[in-house]
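Top line first, the protein sequences correspond to chains A and B. FYI, in my numbering the residues of the first sequence are 1 to 205. FYI, in my numbering the residues of the second sequence are 1001 to 1257. Backbone N, C-alpha and C define an ideal beta-carbon position, used for all residues, glycine too. Let me begin by presenting the structure, written as structure tokens, before commenting on it.
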Amino acid sequence: MISHPRFYWGETGNDLTSPLFKLPIPASRALVPTGYGYVLPDQNGWSRYLHFQAAWVVVVTGLLYVIFSLFTGHLRKNLLPSKADLSWRAFATTIAGHLRFERLSEAEDWSYNLLQRLTYMFVIFVLFPLVIWTGLAMSHAFVSAVPETVTVLGGQQSARTIHFFVSVSLLVFLLVHVVMVCLAGFRSRMRAMITGRAPTPMERT
Amino acid sequence: MSEVSPRKLSRRKLITTGLAATAGALGLGVAARIVQKYGLVPPDHGGIYGLGETLTYASQRLLTRHSLAREFPRSQISKPPFANEIPPFNDAFKRLQAGGFADWHLSVNGMVARPATFSLNQLKSYPSQSQITMLQCEEGWSYIAEWIGVRLSQVLQAVEVHPQARYVVYFSIDPDWWESIDMADALHPQTFLAYGMNGDELPVGNGGPLRLRLPRQLGYKSVKYITRLTVTDSLKGFGKGLGSASPEGGYAWYAGI
């Protein structure tokens, strides 16, 4: 991204073609016309190694998580919104509660609210699959075996552009998630995440 | 009772998770053995990123051994073709360029029955092939061009590669610039020694007079200004033994993704 902060739509894109948009940052390559007159140091080598190592961690743990969620009922019990909750009224109540910074209800200590459920479902079943898909669509070796991976996205540069936006969305999710954990009580929430136990009223902070 | 049981349960869960993790690690150990046996380990498998690199190379090699890189219609050829920044040429290159590359030679040696040196004209006397494929740089940009050349497999056939050969190492006229590929890529029908582009000579900016063309990997594997090929069964003796100049500069040896 920093070596070529220009994004395109379609199959190809380079310094000679017009971009869909440019990030307002200097590049780590001298040839990219950024207008800053400054070239950042090259970090692509190790960051690519790290990226693909991390990608395997995401794929393996993600698959395990989804399989376990299906078999243990985690998905059905904790993530799928209940029928009663799937109404505009329930949706509006949850959002209004968030906007008023209401204190968490007792139920929210051990169960996700509607907004959480919808967000987690979206992250698990839309953003993560999409980021993996668009990532594979950029691999020339992978698409040689499965060309449809990239053709249905409209091309290799389109895949890169979508990959960028999905990554940004995942980053925003992570930041908001961590902020919310802190707001809800970092220690009690971390304890709950690790042990799977809801905090007793005494432990609520 | 109700006070204690959740704690017990979580401890039991912790132990089962621990056991599962151990079993997983053992499984990985077995997998590593298998992968070693079938030549699915890249030369830059050491270090903290080695596991990820090995998984990527092994899975892509299994999935893509014979698959063909996407080819495009002529109408999708990028106009004008993009030429990336190139390092300053050395005296040897300038001398050959002044002579119109008439004396450009490619020597082929190593684990072959008949080591040989080919002039550009000799390479052009082999059946000429063409492909309209994308060149993708790890930086993010790309272009599509028609590449004209001779299949690397054709040249390897001419020099008769030993059956135990595992890699082809190729060198640019710039001594710091060399790469290697496994035999699956070396014998792949789209792996070219390219001397032409878009119906013309291969421009110097795009690697002329002779570059390797490897459309299933990133651009940095398609080394420009090729003068030498060495066929080998081990990459240990080349540079730092990491397979090519790229890992020595921090980049992955296998660039299929």
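Item to check | Segment limits, alpha helix (DSSP H) that includes N44(A) | outcome: N44 to T72
Checklist entry - For the candidate residues A1255(B), P1087(B), G1219(B) and R1074(B), whose alpha-carbon lies nearest to that of Q1136(B)? => result G1219(B)
Checklist entry - When the Cα of W1177(B) is compared with those of Y1225(B), S1130(B), A1098(B) and N1084(B), which residue comes out closest? => result Y1225(B)
Checklist entry - With distances taken from CA atoms, which of V1030(B), G1208(B), E1146(B) and W1104(B) is nearest P988(B)? => result Outside the shown range of chain B (1001 to 1257) lies residue 988(B), about which nothing can therefore be said.
Next on the checklist: Taking the beta strand (DSSP E) that W88(A) belongs to, which residues open and close that run?
Outcome noted: Run containing W88(A): none in the beta strand (DSSP E); it sits in the alpha helix (DSSP H), W88 to L99.
Next on the checklist: Could you pull the DSSP bridge partners for T1133(B) from this structure?
Outcome noted: A1145(B)
Checklist entry - Can a CB atom of chain B be found closer than 9 angstroms to the CB of Y38(A)? => result no
Checklist entry - Could you give the uninterrupted runs of the alpha helix (DSSP H) lying entirely in the stretch 1055 to 1140 of chain B, keeping only those of 4 residues or more? => result 1091 to 1098 and 1120 to 1125
Next on the checklist: Here's the rule: buried if 16 or more other CB atoms are within 10 angstroms of the residue's CB, otherwise exposed. What is S1005(B)?
Outcome noted: Per-residue confidence for S1005(B) stands at a pLDDT of 47, beneath the threshold of 50, marking its modelled position as unreliable; the derived number appears in the next sentence. Flag for S1005(B) reads exposed.
Checklist entry - Nearest to G1196(B) by CA position, among A1186(B), L1212(B) and I1181(B), is which residue? => result L1212(B)
Item to check | Residue ranges of each alpha helix (DSSP H) within the stretch 138 to 200 of chain A, 4 or longer | outcome: 140 to 145, 148 to 151, 156 to 183 and 186 to 195
Checklist entry - So what does DSSP say about Y1254(B), is it helix, strand or coil? => result coil
Next on the checklist: If we define contact as Cβ-Cβ less than 9 angstroms, is E102(A) a contact residue for chain B?
Outcome noted: no
Next on the checklist: Which residues in chain A have a C-beta closer than 7 angstroms to the C-beta of S1067(B)? List them in chain order.
Outcome noted: S144 and A145
Checklist entry - First and last residue of the alpha helix (DSSP H) that includes F122(A)? => result L114 to F122
Checklist entry - Helix, strand or coil: which one does DSSP assign to I1181(B)? => result strand
Checklist entry - Under 9 angstroms between C-beta atoms, does W1178(B) make it to chain A? => result no
Next on the checklist: Counting C-beta neighbours from all protein chains within 10 Å, is the total for V143(A) 16 or more, i.e. buried, or is it exposed?
Outcome noted: buried
Checklist entry - Are the CB atoms of N44(A) and Y1170(B) nearer to each other than 9 angstroms? => result no
Item to check | Collapsed DSSP secondary structure at E1160(B) in the structure displayed | outcome: coil
Next on the checklist: Tell me the DSSP secondary structure of K77(A) in three-state form.
Outcome noted: helix
Next on the checklist: Between H98(A) and L115(A), how many whole angstroms is the CB-CB distance? I'm expecting something under 8 angstroms.
Outcome noted: 7 angstroms
Checklist entry - Quick one, are the C-beta atoms of A1113(B) and E1160(B) less than 9 angstroms apart? => result yes
Checklist entry - A1186(B) and V1168(B) look like a contact to me (Cβ under 8 angstroms); what is the Cβ gap, rounded to whole Å? => result 4 angstroms
Checklist entry - What is the C-beta distance between I1132(B) and I1144(B), in whole angstroms, given that I count them as a contact (C-beta under 8 angstroms)? => result 6 angstroms
Checklist entry - Would you say Y1251(B) reaches chain A, if we count a Cβ-Cβ gap shorter than 9 angstroms as a contact? => result yes
Checklist entry - Would you call S1002(B) buried or exposed, if buried means 16 or more other Cβ atoms sit within 10 Å of its Cβ? => result In this predicted model, S1002(B) has a pLDDT of only 42, less than 50, meaning its place in the structure is not dependable; the value taken from the coordinates is given anyway. It counts as exposed.
Item to check | Neighbour list for G1256(B) in chain A, Cβ cutoff strictly below 8 angstroms | outcome: S139, H140, A141 and F142
Checklist entry - Based on Cα-Cα distance, which residue from S1128(B), S1142(B) and D1174(B) lies nearest to S1153(B)? => result S1128(B)
Next on the checklist: Using a Cβ-Cβ cutoff of less than 7 angstroms, which residues in the same chain neighbour S1078(B) once the five nearest sequence positions on both sides are dropped?
Outcome noted: Y1143, I1144 and A1145
Item to check | Close Cβ partners of S69(A) (< 6 angstroms) along its chain, the five nearest in sequence each way excluded | outcome: L75
Checklist entry - Alpha carbon to alpha carbon, what distance is there between L1051(B) and G1256(B)? => result 16 angstroms
Item to check | Cross-chain neighbours of G1099(B) in chain A, by beta carbon under 7 angstroms | outcome: Here the premise fails: no neighbours, minimum Cβ distance about 29 angstroms.
Checklist entry - What's the C-alpha gap between E1248(B) and M193(A)? => result 42 angstroms
Next on the checklist: For the stretch 1224 to 1243 of chain B against the stretch 1036 to 1050 of chain B, do three or more pairs of beta-carbon atoms, one drawn from each stretch, fall closer than 8 angstroms, so that the two count as touching?
Outcome noted: yes
Next on the checklist: Strictly under 9 angstroms for the Cβ-Cβ distance: is V14(A) near chain B by that measure?
Outcome noted: As written in the sequence, residue 14(A) is Asn, which differs from the Val given in the question. Interface residue, yes.
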